[in-house]
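Undergrad: Handing you a structure now.
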Amino acid sequence: MLRLWIVEKELEDYLRDVLKVCSSRAIFVINHIVQYGSINSEQIRNAGFVHGARAVGDVRDNGVPLITRNIKSSDNRTIAEYIFGPASDIKKHKFGGRINFPHSLKGKLIERDGLFCSISKQPLPAYELQIDHRVPYYISGDIAGERNSEDFMLLSKSMQRSKSWDCEHCENLKNYFDLNICKTCYWATPENYTHVAMRTQRSINLTWEGKEVKDFDSLYKESVNIGCSPQELIKAIIHKRYNG
Numbered sequence: 084m085l086r087l088w089i090v091e092k093e094l095e096d097y098l099r100d101v102l103k104v105c106s107s108r109a110i111f112v113i114n115h116i117v118q119y120g121s122i123n124s125e126q127i128r129n130a131g132f133v134h135g136a137r138a139v140g141d142v143r144d145n146g147v148p149l150i151t152r153n154i155k156s157s158d159n160r161t162i163a164e165y166i167f168g169p170a171s172d173i174k175k176h177k178f179g180g181r182i183n184f185p186h187s188l189k190g191k192l193i194e195r196d197g198l199f200c201s202i203s204k205q206p207l208p209a210y211e212l213q214i215d216h217r218v219p220y221y222i223s224g225d226i227a228g229e230r231n232s233e234d235f236m237l238l239s240k241s242m243q244r245s246k247s248w249d250c251e252h253c254e255n256l257k258n259y260f261d262l263n264i265c266k267t268c269y270w271a272t273p274e275n276y277t278h279v280a281m282r283t284q285r286s287i288n289l290t291w292e293g294k295e296v297k298d299f300d301s302l303y304k305e306s307v308n309i310g311c312s313p314q315e316l317i318k319a320i321i322h323k324r325y326n327g
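If you count the sequence shown from 1, you need to add 83 to reach the numbering used here.
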């Protein structure tokens with residue numbers, strides 16, 4: 084590891100170990116920061132890593148402390164820049180990155196929740212449901228061996244992608260890493276939450292199936308006739324119901 088930038092000895096030793104086990108995109112991010120003191124999302128993208136947040140996530144997955152700050156890109160856009168945090172913030176329990184889920188975990192979640200997506204409540208076959216951390220791994224970390232099923236949920240592939248995008252762009256994951264903020268988020272506990280990725284929002288995901296589809300078609304036709312979206316019409320109906 085070529086060191087041109089001052090790095091705390093404890094952090095440098097930890098980085099040496101991480102570089103032996105992490106992904107190629109994490110290796111690039113770590114070595115760049117070691118050599119130049121920082122790396123930004125434009126530099127990561129220019130190196131051929133399209134998903135910059137995931138490259139940075141790979142580094143954090145291994146317990147390496149990173150601090151995010153905003154800078155201007157070459158075309159004057161606001162982008163993220165990353166530097167190492169203090170060695171005291173190393174999360175050694177994350178060393179080695181994500182750990183594969185035990186085969187029994189999905190069975191426990193299906194037994195608890197049934198064959199439903201935890202967000203959309205859509206019934207799906209088992210192979211369409213993915214195990215997901217309630218709180219993103221970047222913040223909660225991971226442990227080997229037996230898992231507490233309460234820390235996980237089943238999501239459809241589309242809901243998992245939506246959650247990943249929202250979490251990757253959340254200020255908590257970028258700057259604060261507060262476990263309690265995650266625990267009160269819609270994406271962690273859709274039955275009882277105070278915010279959606281730190282935004283003051285309430286969200287509900289609806290799916291019409293089978294005979295219900297014609298209800299949605301009627302809703303859609305009415306929304307077109309009055310010049311609004313189906314979502315706006317649903318909100319208007321609910322507002323009238325509860326506000327007279």
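Yeah, the Cβ is synthetic: ideal placement off N, Cα and C, and Gly gets one too.
Out of 256, 286, 326, point me to the one whose CA is closest to residue 144's CA.
TA: When each option's Cα is compared against that of residue 144, the closest is 256.
Undergrad: By the three-class DSSP mapping on this structure, what secondary structure does residue 215 have?
TA: In the structure shown, residue 215 sits in a strand (DSSP, three-state: E or B).
Undergrad: Under three-state DSSP, which class holds residue 307?
TA: Residue 307 falls in the helix class under three-state DSSP.
Undergrad: Can you find a heavy atom of the ligand PLP that lies under 7 Å from the Cβ of residue 319?
TA: What this structure holds is no ligand at all, so the ligand PLP is not there to describe.
Undergrad: Just the C-alpha distance for residue 91 and residue 170, rounded to the nearest angstrom, thanks.
TA: Answer to the nearest angstrom: the Cα atoms are 7 Å apart.
Undergrad: Indicate whether residue 252 and residue 268 have their beta-carbon atoms separated by less than 8 Å.
TA: Not closer than 8 Å, so no.
Undergrad: Determine the DSSP secondary structure at residue 181, reduced to helix, strand or coil.
TA: If DSSP states are grouped into helix, strand and coil, residue 181 belongs with coil.
Undergrad: Assuming residue 238 contacts residue 246 under a Cβ cut-off of 8 Å, what Cβ separation, rounded to an integer in Å, is found between them?
TA: Yes, they are in contact, since the Cβ atoms of residue 238 and residue 246 sit about 7 Å apart, within 8 Å.
Undergrad: Alpha carbon to alpha carbon, what distance is there between residue 322 and residue 282?
TA: Their Cα atoms are separated by approximately 21 Å.
Undergrad: Let me check one thing: in DSSP terms, what residues is residue 206 bridge-paired to?
TA: Answer is 199.
Undergrad: Using CA coordinates, which residue listed in 220, 196, 149 is at the minimum distance from residue 176?
TA: Comparing Cα-Cα distances from residue 176 to each of 220, 196, 149, the minimum goes to 220.
Undergrad: What residue ranges within the region 96-165 form continuous alpha helix (DSSP H) runs of no fewer than 4 residues, ordered along the chain?
TA: With a minimum length of 4 residues, the continuous alpha helix (DSSP H) runs that stay inside the region 96-165 are 107-119, 124-129, 135-144.
Undergrad: Taking residue 179 as the reference, give the member of 310, 101, 122, 139 with the closest Cα.
TA: Out of 310, 101, 122, 139, 101 has the C-alpha closest to the C-alpha of residue 179.
Undergrad: Between which two residues does the beta strand (DSSP E) carrying residue 236 extend?
TA: That run of the beta strand (DSSP E) goes 235-239.
Undergrad: Judging by CA-CA distance, which residue of 146, 288, 165 is the nearest neighbour of residue 172?
TA: Closest by alpha carbon: 146.
Undergrad: Alpha carbon to alpha carbon, what distance is there between residue 139 and residue 174?
TA: Roughly 15 Å between the two C-alpha positions.
Undergrad: Put residue 278 into one of helix, strand or coil per three-state DSSP.
TA: Three-state result, residue 278: strand.
Undergrad: Is the beta carbon of residue 184 sitting closer than 8 Å to the one on residue 214?
TA: Cβ distance < 8 Å, so residue 184 and residue 214 count as in contact.
Undergrad: Quick one: grab the DSSP three-state call for residue 253.
TA: Of the three classes helix, strand and coil, the one that applies to residue 253 here is coil, per DSSP.
Undergrad: Does the distance from the CB of residue 200 to the CB of residue 212 come in under 8 Å?
TA: Yes, the Cβ-Cβ distance between residue 200 and residue 212 is below 8 Å.
Undergrad: Among 121, 233, 94, whose alpha-carbon lies nearest the alpha-carbon of residue 152?
TA: Closest by alpha carbon: 121.
Undergrad: Alpha carbon to alpha carbon, what distance is there between residue 135 and residue 198?
TA: When rounded, the distance between both Cα atoms is 34 Å.
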